[in-house]
Each structure stands twice: as structure tokens, then as C-alpha cells.
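Below you'll find the structure, written out as C-alpha cells, and then a few comments.
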Amino acid sequence: VIPPFALLSMRLLLGLSVVITILVIRRRRTGDPRLPSVRELPALIGVGLVGFGISIGAQFVGTDLSTAINGSLVTSASPAFIVLFAALILRERLSWRRIAAVGLATVGVLVIIDLSKVSFSSQTFQGDVALAVAAVTWGLYSVLVRLVSRDHDTLVVTAVAFTGGMFITIPGALIERNSRPVGEITPMIVLGVLYLGIVSTAGAMWLWNRAFALVDASVASLFFFAQPVVGALLSVVLLNQQITPNLIIGSILIAAGVLLALRK
Numbered sequence: 001v002i003p004p005f006a007l008l009s010m011r012l013l014l015g016l017s018v019v020i021t022i023l024v025i026r027r028r029r030t031g032d033p034r035l036p037s038v039r040e041l042p043a044l045i046g047v048g049l050v051g052f053g054i055s056i057g058a059q060f061v062g063t064d065l066s067t068a069i070n071g072s073l074v075t076s077a078s079p080a081f082i083v084l085f086a087a088l089i090l091r092e093r094l095s096w097r098r099i100a101a102v103g104l105a106t107v108g109v110l111v112i113i114d115l116s117k118v119s120f121s122s123q124t125f126q127g128d129v130a131l132a133v134a135a136v137t138w139g140l141y142s143v144l145v146r147l148v149s150r151d152h153d154t155l156v157v158t159a160v161a162f163t164g165g166m167f168i169t170i171p172g173a174l175i176e177r178n179s180r181p182v183g184e185i186t187p188m189i190v191l192g193v194l195y196l197g198i199v200s201t202a203g204a205m206w207l208w209n210r211a212f213a214l215v216d217a218s219v220a221s222l223f224f225f226a227q228p229v230v231g232a233l234l235s236v237v238l239l240n241q242q243i244t245p246n247l248i249i250g251s252i253l254i255a256a257g258v259l260l261a262l263r264k
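In this text, residue positions in the sequence shown follow this note's numbering: the first is 1, and each later residue adds one.
Below, the structure written as C-alpha cells:
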């Protein structure tokens, strides 16, 4: 109903509105957090451009041109790229245990996803390339968030990052409007957009950024694997789909990977 970049722009605008409201309330009550200086803004905007402009933009386009199954499979590589960028940029120790944890959890995702439905054909090629770009750049974004969070509050990082993302998403929405007009807006579509903007963007992205501010990136990355498990469980609860052996085995492998990484 709503084209990819238009939907993403709406998400970011809604998320930004929520985060700015919370920031204003906090500053009135406590005077915190500190706002970035003019010299610090370009780096924070650049982080958002990578994460919310390039990465999520590529994910939206990729899922639109490919399939949801392909999207789940390709973007599950993000934690591996997070571990790699954490070692290169943050100099986090790349231990065999953390590598094994990511590998174990990745196998769990592959077990949950029905690989028989994956199709890397010429029809989905452009979408699959976009999904691969999304996986790599989300790994880079997550590590950069930890880097900038050393000097800035998570709410501030999130707000400026949303703004940085819109430097790409709004022009993208303007370009696509001629070829992809907006469809019929129903109350359910409005509720879906509000959920995406308030819960999945303002709420979930702040929590993701906060996690990377508090925990080593290579450890925090493993919680990315909760998404296919939660998605599968919600399909059981909301769509009456059956609990399959693949879901049980895959969930156990993902949990084992997380526990392995958290071991001291």
C-alpha cells in the first residue's frame, strides 16, 4: 500500500517525534542529556545515514523486490558483520567462543527458516543484492552506535540518527512517488504505520542502541537472532500456525549461542 521509502520516512518521522518529546521532558526535569555541538553533529548524522538511510532502506527495497524468506536468510548474516566490524573498529577481542556463538545461532536461524522456500533466481537478484547491502551496513551501523555512545546519551544518538536517515529516505520517497503511488489508506494501515513508527522505530531502535552502548558489540549482536524466534512464535499465537520441530531445535541452538557468548 505504501512504497518502501515513503513508509520508511514516515517511520523515522514518527520515531523522531516520540524521541524528541521524551528528550524535551527529560531536559525540563533534569537538564540532561547534553546536546551535541555543531562539530559533533556530522558524525552522528553519518551514523544515522548508514543505519536508517542505507541499511533499512536497502532492507525495505530488498524485501519488496525479493521475498520475506530471502530477507530473513540474508539479513541473518548481520551479527557476523557486527562481530567483524567490532574487531576492526572497536578492537574488541575476536575470541573463538564468540565466533562459535554467532555460528551456532546462525545455524539455529537456518533451521527455523524453511530453506526449501528460498529462491535466489534472476527475478529476485536485485532484491537479494539490496538485502546483502542491508546486512553489511546494519553490522557497521551497530558498531558505530557503540562508538558514538561513549560521548552521547542514547536518546540523543537515536534522535540524530533518525534525522540522518531521512537525508536518504525523503529524497527516495520523492523519486519513487511517480512509479509507486500510495494505495488505499485504511484504519488498519494507519495502525500498522503507527506501530512501525512508535514501537518498532522509536522503541525498538532506542533499545537496540542502548544495548550497544552498554554491552560489547559482539555479544549484543547475538540478540538479533531473537527476531526469527519471536516471529515464529507470534505466527503460532496470532496466525494459528503449528509449533514445528524446526522451531524448537532452532530456538534451542540460538539460545545456546547466546548463552555461550555470555559465559565469562
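Idealized CB from N, CA, C, for every residue including glycine.
Item, Value
"Comparing C-alpha positions only, which one of Ile2, Leu23 and Phe5 sits nearest to Thr158?", "Leu23"
"Keeping to the same chain, check which residues put their C-beta closer than 6 Å to that of Val61; ignore five residues upstream and five downstream.", "Pro4 and Ala130"
"Let me know the secondary structure DSSP gives Glu176 once reduced to three states.", "helix"
"Quick test of your reading: Arg97 and Ala261, contact by CB under 8 Å. State the CB separation rounded to the nearest angstrom.", "7 Å"
"Should the region 201-220 be regarded as contacting the region 81-89, the criterion being three or more beta carbon pairs within less than 8 Å?", "yes"
"Below 8 Å between beta carbons: does that hold for Ala105 and Ile2?", "no"
"Which of helix, strand or coil does DSSP assign to Asp32?", "coil"
"Near Gln126, which residues of its chain fall below 7 Å by C-beta distance, leaving aside the five closest residues on each side in sequence?", "Leu65"
"Where does Gln123 sit, in a helix, a strand or coil, going by DSSP?", "coil"
"Helix, strand or coil for Ala220, going by three-state DSSP, please let me know.", "helix"
"When the Cα of Gly53 is compared with those of Gly139, Leu115 and Ile170, which residue comes out closest?", "Ile170"
"Going by the beta-carbon positions, is the gap between Thr154 and Ile45 smaller than 8 Å?", "no"
"Considering only their Cβ atoms, is the gap separating Ala58 from Glu176 smaller than 8 Å?", "no"
"Quick check on Ser149: does DSSP put it in helix, strand or coil?", "coil"
"Out of Thr124, Phe225 and Leu247, point me to the one whose CA is closest to Ser235's CA.", "Leu247"
"Under the three-state reduction of DSSP, which class applies to Arg98: helix, strand or coil?", "helix"
"Per DSSP, what kind of secondary structure is Ser235 in: helix, strand or coil?", "helix"
"DSSP on Ala268, reduced to helix/strand/coil?", "No information on residue 268 is available, as it lies outside the stretch 1 to 264 that the chain covers here."
"Which residues bound the alpha helix (DSSP H) around Gln241?", "Premise fails: Gln241 is in no alpha helix (DSSP H) and is neither H nor E."
"Thinking Pro265 and Val102 are a contact (beta carbons under 8 Å), I'd like their distance in whole angstroms, please.", "Because the chain here runs from 1 to 264, residue 265 falls outside it and cannot be looked at."
"Check whether the Cβ atoms of Pro42 and Val156 lie closer than 8 Å to each other.", "no"
"Grouping DSSP H, G and I as helix and E and B as strand, with all else coil, what is Leu23?", "helix"
"Name the residue from Ala135, Arg39, Leu115 and Arg150 whose alpha carbon lies nearest to the alpha carbon of Gly250.", "Leu115"
"Nearest-angstrom Cα distance between Ile99 and Ser76?", "15 Å"
"Checking 8 Å against the spacing of the C-beta atoms, do Gly15 and Gly197 come in under that value?", "yes"
"How many angstroms separate the CA atom of Ile168 from the CA atom of Ala134?", "14 Å"
"Cβ of Val109 within 8 Å of Cβ of Pro228?", "yes"
"Start and end of the alpha helix (DSSP H) containing Phe52?", "Phe52 -> no alpha helix (DSSP H), and no H or E assigned at all."
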